[in-house]
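Asker: Residue numbers (this note's numbering), protein chains in the order written: chain C, 1 to 808; chain P, 1001 to 1808. Ideal placement from N, C-alpha and C gives every residue a C-beta, glycine not left out.
Number of protein chains: 2
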Amino acid sequence: MAAEGPPEHGAGAVTDDELRTLDAHWRAANYLAAGQIYLMANPLLTEPLRPEHIKPRLLGHWGTSPGLNLVYTHLNRVIRARELEAMCVWGPGHGGPSVLANAWLEGSYSEVDPDVSRDAAGMARLFRQFSFPGGVPSHVAPEVPGSIHEGGELGYSLAHAYGAAFDRPGLVVACVIGDGEAETGPLAASWHSNKFLDPVHDGAVLPILHLNGYKISNPTVLARLPEEELQALLRGYGHEPLVVAGDDPARVHRTMAAAFDRALDMIARTQRAAREEGVTERARWPLIVLRTPKGWTGPAEVDGQPVEGTWRAHQVPLAEVRENPEHLRLLERWLRSYRPQELFDADGRPVADVLACVPRGTARLGATPYANGGLLTRELPVPPLEDHAVSVVSPGASLHEPTRVLGGLLEVLMRATRSRRDFRLFGPDETASNRLQDVYGATGKAWQAAVLGTDEHLDRHGRVMEVLSEHLCQGWLEGYLLTGRHGLYSCYEAFVHIVDSMVNQHIKWLRTASRLPWRAPVPSLTYLLTSHVWRQDHNGFSHQDPGFVDHVLNKSPEVVRVFLPPDANTLLAVADQALRSRDQVNVIVAGKQPCPDWLSLDDARAHCARGAGIWDWAGTEHGGGPDVVLACAGDVPTQEVLAAAQLLREHLPSLAVRVVNVVDLTTLLPHEEHPHGMTDLAYDGLFTPDRPVVFAYHGYPWLIHRLTYRRSGHRQLHVRGYKESGTTTTPFDMVVRNDVDRFRLVMDVIDRVPGLAVRAAAVRQHMADRRTVHHAWIREHGADLPEVAEWRWRPSRGPADGTDPEVT
Amino acid sequence: MAAEGPPEHGAGAVTDDELRTLDAHWRAANYLAAGQIYLMANPLLTEPLRPEHIKPRLLGHWGTSPGLNLVYTHLNRVIRARELEAMCVWGPGHGGPSVLANAWLEGSYSEVDPDVSRDAAGMARLFRQFSFPGGVPSHVAPEVPGSIHEGGELGYSLAHAYGAAFDRPGLVVACVIGDGEAETGPLAASWHSNKFLDPVHDGAVLPILHLNGYKISNPTVLARLPEEELQALLRGYGHEPLVVAGDDPARVHRTMAAAFDRALDMIARTQRAAREEGVTERARWPLIVLRTPKGWTGPAEVDGQPVEGTWRAHQVPLAEVRENPEHLRLLERWLRSYRPQELFDADGRPVADVLACVPRGTARLGATPYANGGLLTRELPVPPLEDHAVSVVSPGASLHEPTRVLGGLLEVLMRATRSRRDFRLFGPDETASNRLQDVYGATGKAWQAAVLGTDEHLDRHGRVMEVLSEHLCQGWLEGYLLTGRHGLYSCYEAFVHIVDSMVNQHIKWLRTASRLPWRAPVPSLTYLLTSHVWRQDHNGFSHQDPGFVDHVLNKSPEVVRVFLPPDANTLLAVADQALRSRDQVNVIVAGKQPCPDWLSLDDARAHCARGAGIWDWAGTEHGGGPDVVLACAGDVPTQEVLAAAQLLREHLPSLAVRVVNVVDLTTLLPHEEHPHGMTDLAYDGLFTPDRPVVFAYHGYPWLIHRLTYRRSGHRQLHVRGYKESGTTTTPFDMVVRNDVDRFRLVMDVIDRVPGLAVRAAAVRQHMADRRTVHHAWIREHGADLPEVAEWRWRPSRGPADGTDPEVT
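1. State yes or no: is the beta carbon of S394/C nearer than 8 angstroms to at least one beta carbon in chain P?
2. Going along chain C, which residues have a C-beta under 9 angstroms from R1224/P?
3. By a C-beta neighbour count over all protein chains shown, 10 Å radius and 16 as the cutoff for buried, is T772/C buried or exposed?
4. Which residues in the same chain as E8/C place their Cβ atom closer than 6 angstroms to its Cβ, once the five residues preceding and following it in sequence are excluded?
5. Roughly how many angstroms lie between the CA atoms of A204/C and L171/C, to the nearest whole one?
6. List, from N- to C-terminal side, the alpha helix (DSSP H) runs of 4 residues or more that fit wholly inside the stretch 1536–1612 of chain P.
7. Tell me, please, whether the CB atom of H497/C is closer than 8 angstroms to any CB atom in chain P?
8. Pick out the complete alpha helix (DSSP H) segments inside the stretch 1682–1760 of chain P, 4 residues or longer, and give them in chain order.
9. For the alpha helix (DSSP H) that S117/C lies in, which residues bound it at each end?
10. Quick one: does T1403/P have its CB under 8 angstroms from some CB of chain C?
11. Rounded to whole angstroms, what is the Cα-Cα separation between G1444/P and L1525/P?
12. Measure from the alpha carbon of P359/C to the alpha carbon of each residue in E47/C, H74/C, A165/C and F548/C, then state which is nearest.
13. Does the beta-carbon of E1478/P have 16 or more other beta-carbons within 10 angstroms, so that it is buried, or is it exposed?
14. For a contact meaning CB atoms closer than 8 angstroms, what does L1154/P contact in chain C?
15. In terms of alpha-carbon separation, which member of L1458/P, A1768/P, N1738/P and V1736/P lies closest to I1750/P?
16. Give the residues of chain C in contact with E1281/P, contact being defined as C-beta atoms less than 7 angstroms apart.
17. Provide the residue span of the beta strand (DSSP E) that contains T530/C, from first to last.
18. What are the boundary residues of the alpha helix (DSSP H) that R1275/P is part of?
19. With distance defined between alpha-carbon atoms, name the residue in P1219/P, L1158/P and M1747/P nearest to D1770/P.
20. Spatial neighbours of S337/C within its chain, please: C-beta separation below 8 angstroms, excluding the five flanking residues on both sides.
21. Can you tell me whether F1166/P is helix, strand or coil according to DSSP?
22. Is any beta-carbon of chain P found at less than 8 angstroms from that of G407/C?
23. If you measure beta-carbon to beta-carbon, which residues of the stretch 1526–1552 of chain P are closer than 7 angstroms to chain C?
24. Mind checking who S1490/P pairs with in its DSSP beta bridge?
25. Between the C-alpha atoms of F166/C and L481/C, what's the straight-line distance to the nearest angstrom?
26. Out of curiosity, what's the CA-to-CA distance linking S147/C and A1776/P?
27. Taking one C-beta from the stretch 1313–1330 of chain P and one from the stretch 1240–1247 of chain P each time, how about it: are there three or more such pairs within less than 8 angstroms?
28. Please name the residue, chosen from E1047/P, E1018/P, G1060/P and L1022/P, that lies closest to Y1038/P on a Cα-to-Cα basis.
29. For the candidate residues L68/C, P565/C and S131/C, whose alpha-carbon lies nearest to that of A103/C?
30. Quick one: is S1110/P near chain C, going by C-beta distance under 8 angstroms?
31. Excluding five sequence neighbours on each side, which residues of the same chain lie with their C-beta closer than 6 angstroms to the C-beta of I588/C?
32. Give me the chain P residues within the contact set of P137/C, using Cβ-Cβ distance strictly less than 9 angstroms, ordered along the chain.
33. Buried or exposed for G1091/P, please, with buried defined as at least 16 other CB atoms from any protein chain shown within 10 angstroms of its CB.
34. Give the residues from the stretch 232–255 of chain C that approach chain P closer than 8 angstroms (Cβ to any Cβ), ordered along the chain.
35. Of all the CB atoms in chain C, is at least one closer than 8 angstroms to the CB of T1064/P?
36. Got a sec: which bits of the stretch 1483–1511 of chain P sit with their beta carbon under 7 angstroms from any beta carbon on chain C, in order along the chain?
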C-alpha cells in the first residue's frame, strides 16, 4: 500500500484509441446488464431473438445500469493507468445488473463462482441466475465481489465509503451516489464526513453524484435544482464539483476521463500537502457530478411513451417481450445496438479491446481485498483484563462505574493500535457522557474543522469518532469493519433505535456473507448501550426504551449475541469476547453509574463463558434444591434481586432461595435455535423444571417469555421488567413504577411459593408498606429512601437457623 | 386565519423603548430558566441565597436557554406587532427551562396547570417541579403548552415544522434548529422540504439555525464552517440566510428585530406573488442564522475554566452550589445580574415592561390552537365503503389487489377534502408502486421544483407527499397530525424500520398527551405497510423484515393497533376504523398483489369489529367442536391456511377442522393489557382451551407466543411464520422455505392431532412429496407449481361423509 497516494497525472491525456476501448468496455457492460434482465438463452444473439429466449418473468433494474457501467469503465482506466489502489461503493440500490456485468467482464466473478465462467456458457448462467429463484437479487449484495454495500434500503453509501477510507492512506474509495439516495437523511448527513477525514492517515473518498434525474416514479430533488443552487450546495458541503454531463457517449467518455484525472490529481495534491508539507487547513475535496439519462442507450420510446431519460426506464423498459412482437423487435434492436459480435468472440469471451482498460489481479474492483476486508484483518491486541479488573474482596463490598472501567481498557487498546491504526471508537457525542473518556489519554476526537482554545481532545489524527448522528456512526463503523478493521459503538440505549434498519441490513449482510466461502470473516459490530432505561433522571419517559435487544433478537441467531453484564468485571469479560469475535453483532447493555462489584475477574470470566449461572453466595439453598428461583439479567435488576434475596434471608430464612444471573441472554433460547442456547437439561439445572421463578429483567418482560416459552418450567416463570411506565424521576422510583423493585420482588415470591402467602402475610404487608413509604418520601424529598440509596449487600453470616423472625 | 399571510413591515422600526421592554422580557426568561435549574426556595431572591435554597440534585440544561429565550421574546414582538398567526417548533433538545419560562411569563402555563400560578407561589412550583421526580423533564415535552415536538432524540424539528405549515396558508411556523441537531440525518434531509411547500395553500416555515457552537462536549460542524461555506450551503438548500451574531444584548436585539422583520416581509412578498400574481417560480425562503454564545449571560468562568461560550455551559454551569460557597456566590451574582426586582413585583408577578411584548389570548405561542391541533380537527369524510367494496359471491371466487381497492377509496377521500385540504397521503416514492395510484385522479404529487414534459402527476398544489426519505414522510405527517389534520403513510414493510425511533417518540408523545386534560385528541398515525415480506421476488433477503409490528407492540398498548387484513374488503374495513380514530398508531399490513376475496363487505365489517373470528365456511366441524384449529393472520398465511384446510377436507374429511382468522392482532393479548384484548373465555371460544392450534402468521412466529403465553391453550399452540429464511425467489417458494406452506401446515396438523400420525401417514407422505416436487419444479422452471400458482379455493360440496379417501 503506497503511503503517498496516487501519482499526479495530467488531464486530457486520453487518446482516441483509448476512447475506443473504453467505449467497447462500456458497451459490453451495457449489453451484459440488459442481457441479465431479459435473456435465458441465445446469450450472444447468434440467432434471431425469439420469445423462448426471453425469461418468463422480467424483473430487474435497467435505469441506473448504463451510468454505473460508465463509472466502472473509467475507474478501470485510472486504476490501470495510475496503479491506483481503489475500491468502489455502489450506492444506487438496484445496480446489480451493472456491477455483476463488470465483475464478469474483469473475471473476478468467475473466480468466486466458477460455474459462471467467462465464456458463452458462463454468460448464459450469468443471465439466467439474475432475479431468478435461488439466484442473485437485482441489487448489489454480498454475492457481488468487490462490494461492501447492499443496495435496496438506500442512504448509507457515502458513510460506508468514508468508513472504508479511514486509516487506509493509500486507498481511493469511489462512491456512486444516486440522486434518489441523496434525498435520504443518512446520505444528506454523510456529506459532512469530510470534516472527519484525516488527509494524512486516511485515504480519499471520491463521491460521484449520479444525477440521472429520477427515482422509482418521480424526478429527484437534486436533479431539478438550478445548476447554480446545486453548485452552492456541493461547495457548502466542502467539495469542489466537477461536472460531467451529456448523452453523446464519445463526448461523455472524454469529459469523464478528464474529470477522473483532475479529481485524482487534486486528491494527490491534497494528500501531499498534508503529508509532506504539513498543511493543516481542511481541504476542499473533489466530487464528480455525473448527469446522464436514466436508461441511457436503452429504448428511446416504447408504445408511444418516452422511456430513455425518464422514470419509465427505472426497471424493465420493455415489459411484454414474450407476448408482443414489437417489444421483441425493439429488444433485439436495442441489444444489437451494442454490436455484441465486436465485443465477444465466438466462445463468448470478451475480446482484447473490451479488456484493454481492465486492471490486473487484486487491482480489479471485484478482486480487491479491501472489499473483502476479512482478508486483511489482524487480531486485535486486547490487553490482559487483569490490568483493568476491579478487585472484589467480597461481593457487593465496593462500587465502580462499569463503563469507566472499560474506558481504561479501551485507552490501552487505543495505545496498542497507535501505529497499526485499526481500531476506532464511534459514538454520537457521548464518549465522555458514557464515562469512556480515559481513551482521550491515548487518542483524540477526529476533527478537521476549525479548533478554538477552549476545545478539548480534538485531534486531526484522532480515532474517536463523534458526530451527532447515529446513522453516520453506524455507517462509518460498518464500512470500517467490512474492510477488515475493528471498532466499538457506544450509544444511548433509547436512541440506538435510530439505526434499527441499518443493523437489520448489516445482520442480513453478515448472514449471507458468512455462507459465501470466498468472503473472509470480518470483525464483529459491537454496541455498548449505556445511559440505559433505568437511569434517565432528568430526561424521563421519552428517553426510556430497552427494545433494541428485542429488535436484534428477531434476526438470524447465528449472527446475534446479547450481553447484560451486571458489574464492571463482567463488562470487561463480555467486551473481551465481543472484541475478539467475527461476523457477529454483539449488543452489550451496561450502566455508567456506580454499581456494586459482584464478581472477581475469574468468577466473571467463568460466568460469562457459561452465559448464566447460580450465584451460590447470594442464595439460601440448604442442599435440597430451592423453593424459589430469583433470576436477573441487567445491572439494575441484579441489584434489586440481590436486595430482595437479602430481605428474604432476613425475613424468611427458612425459605430456600436460589439466585440465578443471566449475562448472555441468548443462553435462554433452545440450543437448537442458537449456538449459545442451553439444553433443556442445563436450563432445568439452573431454573428447575417446576419451582416458581421470579425473573427481574432489564427490558420488556415479554422478551423473556418469548425466549423461554418452550421450557418445561415456563408456566412457573414470572417476569418483571420495563413496561413503559416512566417519567422524570429517581432510579429507585423507576423500578418501583415498573414493579421491578426489591419489595415487589419479595411480594412476588411470597405470592408464588405454594403455602407461603399465609405464613408470610406480615412480611408481605411490610414490603407493601415500604413501597408506600417510598412514595411519600419521594414526594416530600425528591430523592430515594436512604435505606435504598445507601443499600449495600450484606453477606450471610453463616447458615440460617431456619426459623423466621417476626417482622418488626 | 388570514389567507394572505402577514402584512409587510419596514425593518429597523424597533424603538429604544421597545428594546428596553424586549430586554426585560429576555432577562426575565433567563432568570426563570436558571431558577428552574437551581432553586427550590427563595425564588425572587428576596433574601441572600443560602445552600438550603438550592436543589439537592442539580439537573437541567442551561446552555441553549438564553438563545431560545431571545427567539421567544422576538417572536412575541412580531406576533403582536403584525397580528401574526404563528407557532414555533423548538428543536434544541433540552430547551425545557426556556420554553417553560416563557410560557409561564405569558400566562399560558398557568392556564394548563393552575397550580403553577403566575405569582411567587407559582414561580416556586415552576422551579421545584423542573427535573424533579414526578415533575417535568429537562426537554420540551407534551406537558409544555405550545409544543408539538419532543426534545431529546433530535432530528425532526424542521420536518415537524413543515408538517405543521402544510395547508395552513395564514400560519408562520418558526423552527429553531440547534447546531447539534443539524448534524443528524433526518434534519439534514429536511432542508429540502422547501421543494414541497406550496406558497399558495401552505403557510411559511421560518428556520432559525441557532449556532451556539457546541453539542454535549464537542463543537458542532456547522458552527465551525467558514462563513462563506455555510452561506453556500444554506443557499444550496434554497434559503436566503439572514445573519444575527454577537454577544452584546442591545446590538443583538436590534439585529434580531430587523432580521425578523426582513424575513417576514420576504415571506409576505413571496406569498403575495404566488397567491395574487400567479408566480410559480420556486421562492428562495428566508432563514435566520443566530450566532450567540452557548450559556450566554451565565457565568463566564468557573473554577478557572471558561464556561460561557463553551461546551461546559451545556448543562449545569455551577455544579457544587450547595457545598461550595464560591459557587453559591457566583450563582447569586449570576441570578441577580438579571435584576429580578425590576422584572417581578413583590408578589412575583411579571411587571408591565416584561409583558409589553407578549401577545394576547390564542396569539400567544403557548396558547395557539395550532399547537394543540385536536382543537381544530374536523371529522374526516371517509366515503361509504359500499362504493368501493368488491362483490364477493362466494369466498375465494374472485381476486383483487387490496391496496388498489383502497386506492379507489382514497381518491374519493382526496376529492372530498379538496377544499378543506386536511388529508394527505405520504410515502417514499411508492404510491404507485404500492398500487394506490388512483389518488392521482383527485390530486397530484406536491412538487415546487422544475417540471419536465415527461413527468406525471406533479402538482404545485398536490397533497400526495413523495420523497425518498422515510424520515421526512414520518416527520411531515407527525407535524400534520399534531396540528389537527389527517393522513396516511404507505411504506414498504421492511424499510419502515427506518423510522422505528421516530414512532417510539410519537407513541410516547401520544401516551403522555392523552393524559393531559387540556390536550385535545389528534388524528391517529396510520401506516399502510405493503410490498411485504412474502412478496420480494426480485429483491430478496435484504428486503424481508416483518418486525415493525413487534417493535410497536412493545409500546403503550392503549396507543397501538395492528391489523392484518386478509383481503380487499377487510382492508377497507380496517382502514375506515383507522382513519376515523384518534390518538393512536395504527399499523395495517396488506398486500398489493392479487389476492382472493374472502369476505363480503358486511362480513368484513363484522369480522374487523370483532378482530378475530371463526370462518365456518372454511372449516369442517361437525357440531362437536374441532379436532384441530388452523389459525391465520395476514393475507399470504390466510391463503396457505385455506389451502391446507381444503387439502385436509379432501384427504381427511373425518377430521373436524376449525379455521380462525385474526385481523386485529391485539385481540390476542389479555383483555387486562389491551383495550382490544380478548377475555380468556372469548379466546377459548375461538381457539379452544385444549385442542392443537396450528397458527400461520405473517411475521416472526415468536410474536404470537409472546401475545398468548398466558392463555390456557398456549401449550397446544404451534406457530409458523417468517424465520429469516429468505432469498430472491417466488412467492410460494418463500412460504416453503419458511415452513408456512399448505403442505407443511397439513403435516403439522397430522403431527399434532393425537392419534392421527399413524392413520394419516400416507397423507403426510403425500404432502412431503409435494414439497419435493416443488423444489424440483422451481429449479427447473423458475416458477411455482401450476397447482399452486393457479390454486383457487373450492367450497365444500356439502357435509363430508366422514370416511377418508386413499391418497392417490
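Answerer: The relevant details are as follows:
1. As a position in the first sequence, residue 394/C is number 394, starting the count at 1. Not closer than 8 angstroms to any Cβ of chain P, the Cβ of S394/C fails to qualify, so no.
2. If you number the second sequence from 1, residue 1224/P lands on position 224. For R1224/P, the C-beta contacts it makes with chain C under 9 angstroms involve K195, W447, A449, A450, V451 and L452, in order along the chain.
3. Within the first sequence, numbered from 1, the residue matching residue 772/C stands at position 772. So T772/C ends up on the exposed side.
4. As a working mapping, residue 8/C is identified with position 8 in the first sequence. Reliability fails at E8/C, whose pLDDT of 37 lies under 50, so the model's placement of it is uncertain and the value that follows must be treated cautiously. Closer than 6 angstroms at the Cβ level, and outside the excluded window around E8/C, lie D265 and A268.
5. Numbered from 1 along the first sequence, position 204 holds the residue referred to as residue 204/C. Numbered from 1 along the first sequence, position 171 holds the residue referred to as residue 171/C. Straight-line measurement puts the Cα of L171/C at about 6 angstroms from the Cα of A204/C.
6. Within the stretch 1536–1612 of chain P, the runs of alpha helix (DSSP H) that reach at least 4 residues and sit entirely inside it are, in chain order, 1548–1552, 1568–1580 and 1601–1610.
7. Taking the first residue of the first sequence as position 1, residue 497/C is located at position 497. Residue contact with chain P for H497/C: present (Cβ-Cβ distance below 8 angstroms to some residue of chain P).
8. Correct list: 1702–1708, 1731–1737, 1742–1752 and 1756–1759.
9. Walking along the first sequence from the start, residue 117/C turns up at place 117. Where S117/C is concerned, there is no enclosing alpha helix (DSSP H), because DSSP gives it neither an H nor an E.
10. Position 403 of the second sequence holds residue 1403/P. By this cut-off, T1403/P is not an interface position.
11. Mapped onto the second sequence, residue 1444/P falls at position 444. Mapped onto the second sequence, residue 1525/P falls at position 525. Going from the Cα of G1444/P to the Cα of L1525/P covers about 22 angstroms.
12. Taking the first residue of the first sequence as position 1, residue 359/C is located at position 359. In this structure, H74/C is the residue among E47/C, H74/C, A165/C and F548/C with its C-alpha nearest to the C-alpha of P359/C.
13. Position 478 of the second sequence holds residue 1478/P. Around the beta carbon of E1478/P, 16 or more other beta carbons sit within 10 angstroms, so the residue counts as buried.
14. For the purposes of this step, residue 1154/P is identified with residue 154 of the second sequence, where counting begins at 1. Those within 8 angstroms of L1154/P in chain C are L468.
15. Here the question's residue 1750/P lines up with position 750 in the second sequence. Nearest neighbour of I1750/P by Cα position, chosen from L1458/P, A1768/P, N1738/P and V1736/P, turns out to be A1768/P.
16. Taking the first residue of the second sequence as 1, we reach residue 1281/P at position 281. Residues of chain C passing the Cβ test: none, with the nearest at roughly 10 angstroms.
17. As a working mapping, residue 530/C is identified with position 530 in the first sequence. Segment L525 to T530, the beta strand (DSSP E) holding T530/C.
18. The residue labelled residue 1275/P in the question sits at position 275 within the second sequence. Counting along the chain, the unbroken alpha helix (DSSP H) around R1275/P starts and ends at P1249 to E1276.
19. Locating residue 1770/P in the second sequence gives position 770, where the first residue counts as 1. For the record, residue 1770/P in the displayed sequence is Arg; it is not Asp. For the set P1219/P, L1158/P and M1747/P, the Cα lying nearest the Cα of R1770/P is the one of M1747/P.
20. Start at 1 with the first residue of the first sequence, and residue 337/C comes out as number 337. Result list for S337/C: T297, in chain order.
21. Locating residue 1166/P in the second sequence gives position 166, counting from the first residue. Residue state, collapsed to three classes: coil.
22. Within the first sequence, numbered from 1, the residue matching residue 407/C stands at position 407. Under the Cβ distance rule, G407/C does not count among the residues neighbouring chain P, no pair being separated by less than 8 angstroms.
23. Residues D1537, H1538, N1539, G1540, F1541, S1542, H1543, D1545, G1547, D1550 and H1551.
24. Position 490 of the second sequence, counting from 1, holds the residue named residue 1490/P. Under DSSP, S1490/P takes part in a beta bridge, and its partners are L1528/P.
25. Numbered from its first residue, the first sequence carries residue 166/C at position 166. Numbered from its first residue, the first sequence carries residue 481/C at position 481. Roughly 11 angstroms separates the two Cα atoms.
26. Here residue 147/C refers to the residue found at position 147 when the first sequence is read from its first residue. Here residue 1776/P refers to the residue found at position 776 when the second sequence is read from its first residue. Going by C-alpha positions, S147/C is about 32 angstroms away from A1776/P.
27. Result no; under three Cβ-Cβ pairs closer than 8 angstroms.
28. The residue given as residue 1038/P occupies position 38 in the second sequence. Of E1047/P, E1018/P, G1060/P and L1022/P, the residue nearest in Cα terms is G1060/P.
29. By one-based count along the first sequence, residue 103/C stands at place 103. Cα-wise, what sits closest to A103/C is L68/C.
30. Indexing the second sequence from 1 puts residue 1110/P at position 110. No, because no Cβ of chain C sits closer than 8 angstroms to the Cβ of S1110/P.
31. As a first step, residue 588/C is located in the first sequence; it is residue number 588 there, counting from the start. Only residues of its own chain outside the window of five on either side were considered, and among them L528, F563 and V574 have a CB closer than 6 angstroms to the CB of I588/C, listed in chain order.
32. Locating residue 137/C in the first sequence gives position 137, counting from the first residue. In chain order: Q1536, H1538, N1539, G1540, F1541, S1542, H1543, T1727 and T1728.
33. As a position in the second sequence, residue 1091/P is number 91, starting the count at 1. Buried, because 16 or more other Cβ atoms sit within 10 Å of the Cβ of G1091/P.
34. If the cut-off is 8 angstroms between Cβ atoms, the stretch 232–255 of chain C has A232, L233, L234, R235, G236, Y237 and G238 near chain P.
35. Here residue 1064/P is taken as the residue at index 64 of the second sequence, counted from 1. With its beta carbon at least 8 angstroms from every one in chain C, T1064/P lies outside the interface.
36. Within the stretch 1483–1511 of chain P, the qualifying residues are F1495, H1497, I1498, D1500, S1501, N1504, Q1505 and K1508.
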